[in-house]
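Heads up: the sequence shown begins at 1371 in the numbering used here, then just goes up one per residue.
Glycine included, C-beta positions come from ideal geometry on N, C-alpha and C.
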Amino acid sequence: MRREEQEALDAAVLKKAGEETEAVCGCAHRSSGKKTGHGSVETDLHKKSAETNENEPDDDDEDEMEPKQKLVQILVSAALLIAAAAIDHMNPGFPMWARFLIYLVPYLVAGFDVLKEAGESIGNGEIFNEDFLMCIATIGALLIGFVPGGKEQFAEAVFVMLFFQVGELFEGIAEGNSSRAISQMLDIRPDTANLEKNGEIVVVSPGDVAVGDTIVIRPGEKVPMDGVILEGTSSLDTVALTGESVPRDVKAGDPILSGCVNQSGVLRVKVEKAFGESTASKILELVQNAGASKSKSEKFISRFAKVYTPIVVFAAVVLAFVPPLFTGNFGTNFATWLLRALTFLIVSCPCALVVSVPLSFFGGIGSASKNGVLIKGSSFIDALAKADTVVFDKTGTLTKGVFEVTALHPDKLDEHELLHLAAHVERYSTHPIAVSLRTAFGHEDDGCSVEHVEEVAGQGIRAVVNGKTVCVGNTKMMDAVGAKWKSCDEPGTIIHVSIDGVYAGHIHISDVEKPDAKKAIEGLKAEGVRRTVMLTGDREAVAQRVAKDIGIDEYHAELLPADKVSQVEQLMKKKRSGGTLVFVGDGINDAPVLARADVGIAMGAMGSDAAIEAADVVLMDDQPSKIARAVRIARRTLRISKQNIVFAIAVKVAILVLAAAGLAPMWLAVFGDTGVLIICVLNSTRTLRAGI
Ligand code: ADP
Ligand code: MG
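Listed below in structure tokens is the structure:
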């Protein structure tokens, strides 16, 4: 895919995410990308990709106000408010309309953009947003002095608007921080590639480089696409991909992933994946789509806001008109009840929730990504936080998946020939066993013919090598072709080989457990995960040893991929109600299980592309212990967003009752709205912290 196309696609994806948000949310904070602080993370990302695309007109920009500008606006209007109050104080004889005009100046400076925004949204037919609420409330407060029996509220009106803007400022800064953390991941997208063409180096857009081309990466540059190093040594900074800033040393022959930063030497790299298919692009796609799957609390809040705001407006109208009708003299009582209704309107704005809850989830995703864990949407934060059963695949997940040949036990042929046949049959397989056998044999290109390769998931592989049908796999495979296999008591995985249905011997290979596998299980237990299970297609003996070593509760061995699915189905039935089942795999033949589980976690560095796509969460550095950390981050995120919901609703209800009873002065209403918003926003930024 060419770069422009990719960018257009990104922009479209982001726009879609933004539209979805707009569709479900009645509040301007989410539905408008035009004002300061109103740019949701999606819109900011949208902007980022639109910036680099000169052809796309971006008419949102003219309305944008940076936090700095907002601060200036707030300071200027605050100064004007003080001046107005001083003039007012020194001239007690001024008529009402003159005082109105004096306060109108700071009011307009503070609120011109809110007024404009409210006007525009009325034009678009969506009235029930918080700009509208604010405008009604403040204009009402400005005018109430003119109502017979009303006490003027000029300074209060300006103050309400001013403080509302302070809230916007805070929100803008907090959202900026979250989106910056996520954009740090966006920075992994390189802008150029140095293509080697006829011995010369030309700088081109990464989208123009083809698979098979050679590119040169100089120190300090980002790796633009996935490939293999032809020449040079260097150390790579993989922090953007893994969250870990330990440099990784690479040399000729090593694979190299896009998104890393080349630190020391010049590298010549043969491109193996097109730009759009490379790791960096894939990750970006995932991150950008993350906004689309909403958590339960986010959905609840948007639904809540949609119903709640019209109800509140209706209640305020009732409050203003009905009680004065029943309390005798309408003319004198109306002003009092109108003021109560206005106060009511200000407090009732649901923006604290509408803003802070999605913000905490974005923070949670950001914090996880700082730890090298990619969460594809906030709904998976919900699910991770409720993890009850965690099921692991063995090979490549709990073990490194790098097998070493420990013994060769041939039957009727020599050791070299046994390994030779096995390595050839495995020529095209990506299974970790295949890779290891090929590596152990070494020289593969010896002119032998390998045809009709057929991989049987969970059993092994068969192919015709130099005219003979050779099968390589476990005992199930041998039984399937009728070869009389011999058992062996040595520990480790045993790979049997048959030639034309006749047993030819076996190869012992052994894998090592990942150093943090034990820690992963301990961490999950500490988080209250009730049950940990290992599923494997490998032998019972190997499974038992690994399970015992790392302290896993339960294991099931010698499973075919379909058996893994049915095991997971059964475990799903046994989980605690309300709890979730998490499956962790490398995706080599476990993509169906990844998709079936409540949360599918895939190994990012070693896992297959299919797995990374099927998964909901990707561990960039393949360390299973990161799962416990992701659960902790998810729980913290949920805890913080719950705190916000409870706090905001409690404070608002209390002030609403006081306002209806006429006991809440306007400044208390402002606290109930903007004060609560600021506290909730500040609280939700705690989710972004990396350390946990
Ligand atoms: P796990 O469940 O541990 O990830 P798999 O389901 O991938 O393991 O494989 C199960 C068993 O099937 C392996 O232990 C091996 O005996 C056999 N097997 C699968 N694929 C191959 C292959 N490409 N070559 C040889 N044996 C294989
Ligand atoms: Mg596997």
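When the alpha-carbon of Ile1716 is set against those of Ser1665, Lys1945, Ala2034, Glu1541, the nearest one is in Ala2034. Residue pairing by DSSP places Gly1875 opposite Pro1780, Val1867 in a beta bridge. In terms of side-chain proximity, the C-beta atom of Met1595 is found no nearer than 8 Å to any non-hydrogen atom of the ligand ADP. When Glu1821, Ile1831, Met1990 are compared, the shortest CA-CA separation from Gly1837 is found for Glu1821. When rounded, the separation of the alpha-carbon atoms in Leu1474 and Leu1951 is 59 Å. Cα atoms of Thr1759 and Thr1706: separation of roughly 59 Å, rounded to the nearest angstrom.
In this structure, Leu1532 sits away from Pro1437, with a CB-CB distance that is not shorter than 9 Å. Here DSSP, grouped into helix, strand and coil, assigns Gly1510 to helix. Here Trp1467 is exposed, its C-beta having fewer than 16 other C-beta atoms within 10 Å.
A Cβ-Cβ distance of about 6 Å is found for the pair Val1484 and Cys1505, placing them in contact under the 8 Å criterion. Contact check for Asp1923 against Arg1901 passes: the beta carbons are separated by less than 9 Å. Linking Thr2007 to Ser1857 through their CA atoms gives a straight-line distance of about 52 Å.
In the structure shown, the three-state DSSP call for Phe1464 is coil. Between the segment 1637-1648 and the segment 1576-1590, the count of C-beta pairs closer than 8 Å reaches three or more; the two stretches touch. The three-state reading of DSSP puts Tyr1678 in helix, counting H, G and I together.
Taken from the Cβ of Pro1962, every heavy atom of the ligand ADP lies 8 Å or farther away. Below 8 Å, too few C-beta pairs join the segment 1871-1878 and the segment 1907-1915 to call them touching: fewer than three. Take Ser1648, set aside five residues on each side of it, and the residues of its chain with a beta-carbon closer than 6 Å to its own are Met1595, Asp1596, Ser1628, in chain order.
Gly1843 counts as buried, since at least 16 other C-beta atoms from the protein chains shown sit within 10 angstroms of its C-beta. Under the three-state reduction of DSSP, Ile2025 is assigned to helix. When the beta-carbon positions are compared, Ile1681 and Val1724 stay at least 9 Å from each other.
Following the DSSP letters along the chain, one finds Thr1839 inside the beta strand (DSSP E) bounded by residues 1838-1843. Secondary structure at Asn2014: helix, using DSSP grouped into helix, strand and coil. In the displayed model, Asp1923 falls within coil according to three-state DSSP, outside both helix and strand. Excluding sequence positions up to five before and after Val1823, its CB lies within less than 6 Å of the CB of Tyr1798, Ala1833, all in the same chain and listed in chain order. Ile1509 and Ile1543 have their C-alpha atoms some 28 Å from each other. The DSSP-derived three-state label of Asn1494 is coil. Thr1902 carries a strand assignment under DSSP once its states are collapsed to helix, strand and coil. By the neighbour-count criterion, in which 16 or more other beta carbons inside 10 Å mark a residue as buried, Asn1568 falls on the exposed side. Contact between Leu1964 and Ala1998 fails: their C-beta atoms lie close to 19 Å from each other, not under 8 Å. Per DSSP, the continuous alpha helix (DSSP H) segment holding Val1963 begins and ends at 1961-1966.
In this structure, DSSP gives Met1973 an extended state, which the three-state scheme calls strand. Just so you know, the alpha carbons of Phe1714 and Pro1693 end up roughly 14 Å apart.
Within the same chain, Leu1539 come within 8 Å of Leu1441 by CB-CB distance, once the 5 residues on both sides are set aside. Ala2000 is positioned such that its CB atom lies no closer than 9 Å to that of Leu1789.
Using a Cβ distance threshold of 9 Å, Ile2019 and Ser1667 do not count as a contacting pair.
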